[in-house]
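Report on the structure given below.
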Amino acid sequence: MTTPKTYHVKSYGCQMNVYDGERMGELMAAQGLVAAEADQADLVVLNTCHIREKATEKVYSEIGRLKLREAGKPMIAVAGCVAQAEGEEIARRAKVDVVVGPQAYHNLPDLVAKAAEGQLGLDTDMPIASKFGKLPARRKVGPSAFLTVQEGCDKFCTYCVVPYTRGAEVSRPYAAIVDEAKALVDAGAREITLLGQNVNAWGDADGRGLHDLIVALDRIEGLARIRYTTSHPNDMAEGLIEAHASVAKLMPFLHLPVQAGSDRILKAMNRSHTRDSYLRILERVRAARPDIALSGDFIVAFPGETEAEFEETLQLVDAVGYAQCFSFKYSPRPGTPAAEMVDQYLPADVADVRLQRLQAALGRHSQAFNDASVGRRCSVLIERVGRRPGQMIGKSPWLQSVHLETDAKIGDLIEVELVSAGPNSLAGRIVAAG
Ligand code: 5AD
Ligand code: SF4
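Just so we're aligned, residue 10 is where the sequence shown starts under the working numbering, counting upward by one.
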């Protein structure tokens with residue numbers, strides 16, 4: 010196989026993968042490779058997700074499609090959590106050229122060189138020294154940029170592969186994060202979303218917590234908005250809640266997964282919070298920032314979940330009134346404790362009906378939240394061009410998509426009145442240029 014001259018990175022799954030995908034792209038560009046479409050590129054990096062079975066299946070079908078292109082082309086690198094979980098097995102099964110885990114992708118250039126010589130480029134180590142220092146500097150980014158500040162998870166929820174694929178919780182150093190945030194702003198970012206599997210567990214030896222990072226970012230001139238995701242209820246420190254009241258750039262949005270509404274199921278999931286302790290956290294957050302938009306993740310049909318326990322999830326959803334949520338059917342993941350509860354798996358049709366009922370309830374709440382936004386004035390950060398001529402799409406402070414007729418450009422922050430609402434987006438009218 011020859012040395013690739015062009016590359017394409019395709020990311021699946023969470024925002025941390027999107028961030029990693031961008032950084033792998035920058036790494037390839039620094040090697041002199043040129044970005045290309047997937048059906049043209051000499052090297053295709055599939056940055057994979059292992060969280061549910063469906064996500065993993067997608068990788069194998071994408072590899073199959075790429076293999077149809079022409080014999081020996083393109084060079085295929087599997088990165089991300091499937092690479093970490095399956096290691097050499099994926100090379101054997103799918104005949105790919107490079108397998109690289111999420112903690113080792115700074116070595117991608119060496120692995121690609123090895124593959125060009127006809128050997129398997131394999132690296133799924135989780136080294137102590139962080140990869141971040143070995144990556145090229147940030148150059149050009151969109152108006153809304155991601156910044157990974159924390160990786161891994163020590164919570165070991167019984168259904169979840171993350172502690173195995175991403176490793177233990179590690180926080181990046183404060184100074185490195187602040188420097189990268191400044192570089193992102195210089196590269197065009199107006200909004201930064203701090204990322205981590207447990208972003209609110211971020212901390213350092215000097216006793217700093219996520220709110221200290223938020224305060225540091227608040228001081229960066231040119232940065233207009235700060236967000237963070239994903240948080241765990243047990244790491245919602247007082248300082249972070251207070252930051253929602255005191256830091257103007259911190260957007261009124263909190264993604265705080267609860268997963269289920271029944272204490273018995275939460276215990277079986279090893280969530281280490283209860284329905285009540287979760288609701289009490291939300292009360293404190295709402296006291297700090299009354300207009301906050303709440304978001305969550307849910308799993309239905311966890312092994313052994315009864316009808317009554319599922320209904321407790323529906324009641325919780327009604328009690329909270331989420332602005333938007335993600336909801337999933339339980340998917341058994343090899344190696345996790347819940348996957349061993351085989352005798353308690355629920356039939357697929359029961360899971361389907363529960364997911365439909367939950368999604369209907371969540372949809373009603375999203376619509377209600379959006380309806381209540383109509384008439385509000387707010388800033389919108391323009392992120393992309395809409396489908397209709399003259400139409401642009403941006404985000405409100407509450408992370409709603411807002412469609413506008415405007416000659417504003419991508420990256421502009423404009424004052425808007427929200428005029429109508431659907432379940433997934435709103436229409437806005439320009440009030441004044443900002
Ligand atoms: N099955 C279904 N959903 C899962 N999630 C994590 N693991 C599983 C699984 N095995 C969901 C959780 C988590 C989100 C990122 O994915 O809701 O918060
Ligand atoms: Fe997975 Fe639980 Fe960790 Fe979230 S907190 S990444 S669901 S183990």
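For glycine and all other residues, C-beta sits at the position ideal for the given N, C-alpha and C.
Backbone CA spacing between VAL359 and LEU52 [nearest angstrom]: Within the sequence shown, residue 359 is the residue found at index 350, counting from 1. Within the sequence shown, residue 52 is the residue found at index 43, counting from 1. One C-alpha to the other measures close to 42 Å.
Can you grab the Cα-Cα spacing for the pair GLY205 / LYS123, in whole Å? Translated into positions along the sequence shown, residue 205 becomes position 196. Translated into positions along the sequence shown, residue 123 becomes position 114. Straight-line Cα distance between these residues: approximately 31 Å.
Could you tell me if GLY161 is buried or exposed, where buried requires 16 or more neighbouring beta carbons within 10 angstroms of its beta carbon? If you number the sequence shown from 1, residue 161 lands on position 152. Buried is the call here.
Excluding the five sequence neighbours on either side, which residues of its own chain have a C-beta within less than 6 Å of the C-beta of ILE250, listed in chain order? Counting from 1 along the sequence shown, the entry for residue 250 is found at position 241. For ILE250, same chain residues with a beta-carbon under 6 Å away, outside a window of 5 residues either side, are ARG293, VAL294, ALA297 in chain order.
DSSP three-state assignment for TYR28, whether helix, strand or coil: In the sequence shown, the residue the question calls residue 28 occupies position 19. Under the three-state reduction of DSSP output, TYR28 falls in the helix class.
Count the other CB atoms within 10 Å of the CB of LYS63; is the residue buried (16 or more) or exposed (fewer)? Within the sequence shown, residue 63 is the residue found at index 54, counting from 1. Its Cβ having fewer than 16 others within 10 Å, LYS63 is exposed.
Using only CA atoms, which one of PRO406, PRO432, ILE439, MET245 lies nearest to GLU200? On the sequence shown, residue 200 is found 191 positions in, with the first residue counted as 1. Closest by alpha carbon: PRO406.
Decide yes or no for the touch test of the stretch 158–173 against the stretch 202–216: beta carbon pairs closer than 8 Å, at least 3 of them. Yes, they touch.
What does the alpha-carbon distance come out to for the pair HIS412 and TYR69? If you number the sequence shown from 1, residue 412 lands on position 403. If you number the sequence shown from 1, residue 69 lands on position 60. Computed Cα separation, rounded: 36 Å.
Examine the ligand SF4 and report whether any of its heavy atoms sits within less than 7 Å of the Cβ of PRO172. In the sequence shown, the residue the question calls residue 172 occupies position 163. Under cutoff, so the answer is yes.
If you count every other CB in all the chains shown that lies within 10 Å of the CB of GLY443, and 16 or more means buried, which is it? Here the question's residue 443 lines up with position 434 in the sequence shown. With a pLDDT of 47 at GLY443, under the threshold of 50, the modelled position of this residue cannot be trusted, and the question is left open.
Is the beta carbon of GLU314 less than 8 Å from the beta carbon of LEU364? Numbered from 1 along the sequence shown, position 305 holds the residue referred to as residue 314. Numbered from 1 along the sequence shown, position 355 holds the residue referred to as residue 364. At a Cβ-Cβ threshold of 8 Å, GLU314 and LEU364 do not count as neighbours.
As assigned by DSSP and simplified to three states, the class of PHE378: Position 369 of the sequence shown, counted from the start, is the residue given in the question as residue 378. PHE378 falls in the helix class under three-state DSSP.
Under a three-way DSSP split, which group does GLY443 fall into? Along the sequence shown, read from residue 1 onward, the residue named residue 443 stands at position 434. At GLY443, the pLDDT of 47 sits below 50, so the modelled position is not reliable; the number obtained from the coordinates is stated separately. The answer is coil: DSSP assigns GLY443 none of H, G, I, E or B.
What residues match up with ASN56 in a beta bridge as DSSP calls it? Locating residue 56 in the sequence shown gives position 47, where the first residue counts as 1. Paired residues: SER20, ALA88.
If you reduce the DSSP assignment to three classes, tell me which class LEU413 lands in. For the purposes of this step, residue 413 is taken as the residue at position 404 of the sequence shown. LEU413 carries a strand assignment under DSSP once its states are collapsed to helix, strand and coil.
Specify, as a first and last residue, the run of the beta strand (DSSP E) that HIS253 falls within. In the sequence shown, counting from the first residue as 1, residue 253 sits at position 244. Residue range 247–255 is occupied by the alpha helix (DSSP H) that includes HIS253, with no beta strand (DSSP E) assigned at that position.
Please work out which residues of its chain come closer than 7 Å, Cβ to Cβ, to VAL383, disregarding the five sequence neighbours upstream and downstream, and give them in chain order. Mapped onto the sequence shown, residue 383 falls at position 374. Contacts found: LEU427, VAL428, SER429, ALA430.
Could you tell me which whole beta strand (DSSP E) segments of length 3 or greater appear in the stretch 183–259? List check, beta strand (DSSP E) in window: 200–204, 234–238.
Report the start-end ranges of each beta strand (DSSP E) in the stretch 324–398 that is 3 residues or longer and not cut off at the edges. Uninterrupted beta strand (DSSP E) stretches at least 3 residues long and entirely within the stretch 324–398 occur at 333–338, 386–394, given in chain order.
Please list the terminal residues of the continuous beta strand (DSSP E) segment that includes LYS404. In the sequence shown, counting from the first residue as 1, residue 404 sits at position 395. Run containing LYS404: 400–404, per the beta strand (DSSP E) assignment.
For GLY437, which beta-bridge partners are listed by DSSP? Position 428 of the sequence shown, counted from the first residue, corresponds to residue 437. DSSP links GLY437 through a beta bridge to LEU427.
ASN209 beta carbon near the ligand SF4 (any heavy atom closer than 7 Å): Within the sequence shown, numbered from 1, the residue matching residue 209 stands at position 200. Taken from the Cβ of ASN209, every heavy atom of the ligand SF4 lies 7 Å or farther away.
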